[in-house]
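Student: Here it is, the structure, as structure tokens.
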Amino acid sequence: MIRYLNLEEVIYIYSEIIERTGGQAGIAEEKVLENVLEKPMVQFEGEEIYPDIFTKTAVLMYAMVNSRPFVDGNKRAALACTIFLLKANGYQIVSSQDNIVEVIKGTSEGKYHVDYLVNWLKRNTVLV
């Protein structure tokens, strides 16, 4: 069973990021954040649309980067939530910091989409 991040956890993660790295704190629109967190859990006729942890994580990462639920720090929050979601489900990213930054930045610039992120996560994570 997949362990998802809840709203309170994500707000806490975001608050810690802003406190440690700076930026303007705040949720731009809470409903947008709620929608971002619900995306990995979407079902159609009782079947999960996103069947595995890599797809669910990629959908969360992509949605958080591009929906911009926070006033500032959306890419940082997306990365942290990606790491926490994977860790909560027994996985860890094993990629260079430069590569991770490139993927997050490229996602925000429209260079990478969910399919790319799924494959990237599969290649750059290990079971721990």
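Numbering (my numbering), first residue to last: 841 to 968.
Idealized CB from N, CA, C, for every residue including glycine.
Using three-state DSSP, classify E885 as helix, strand or coil.
Tutor: Translated into the one-based positions of the sequence shown, residue 885 becomes position 45. Here E885 sits in coil by DSSP.
Student: Smallest Cα separation from L900: which of N846, E887 and E859?
Tutor: Translated into positions along the sequence shown, residue 900 becomes position 60. When only C-alpha atoms are compared, the closest one is N846.
Student: Just tell me which of I893, Y902, L877 and K915 has its CA closest to the CA of N929.
Tutor: Locating residue 929 in the sequence shown gives position 89, counting from the first residue. Ranking the options by Cα distance to N929, first place goes to I893.
Student: Let me check one thing: in DSSP terms, what residues is L867 bridge-paired to?
Tutor: If you number the sequence shown from 1, residue 867 lands on position 27. The sequence given here places Ile at residue 867; Leu does not occur at that position. BP columns for I867 point to F910.
Student: For L845, name the three-state secondary structure that DSSP assigns.
Tutor: Residue numbering aside, residue 845 sits at position 5 when the sequence shown is read from its first letter. Looking at L845 - three-state DSSP - the assignment turns out to be coil, as it is neither helix nor strand.
Student: I'd like the span of the beta strand (DSSP E) that includes V966, first residue to last.
Tutor: For the purposes of this step, residue 966 is taken as the residue at position 126 of the sequence shown. T965 to L967 is the span of the beta strand (DSSP E), which, as asked, contains V966.
Student: Does I853 come within less than 8 Å of chain D when only Cβ atoms are used?
Tutor: The question asks about chain D, but that chain is absent: this structure has only one protein chain.
Student: In whole angstroms, what separates the C-alpha of N964 from that of E887?
Tutor: As a working mapping, residue 964 is identified with position 124 in the sequence shown. As a working mapping, residue 887 is identified with position 47 in the sequence shown. Roughly 27 Å separates the two Cα atoms.
Student: When the Cα of A903 is compared with those of E885, E848 and T922, which residue comes out closest?
Tutor: Your numbering for residue 903 matches position 63 in the sequence shown. Measuring C-alpha to C-alpha distances from A903 to each of E885, E848 and T922 identifies T922 as the nearest.
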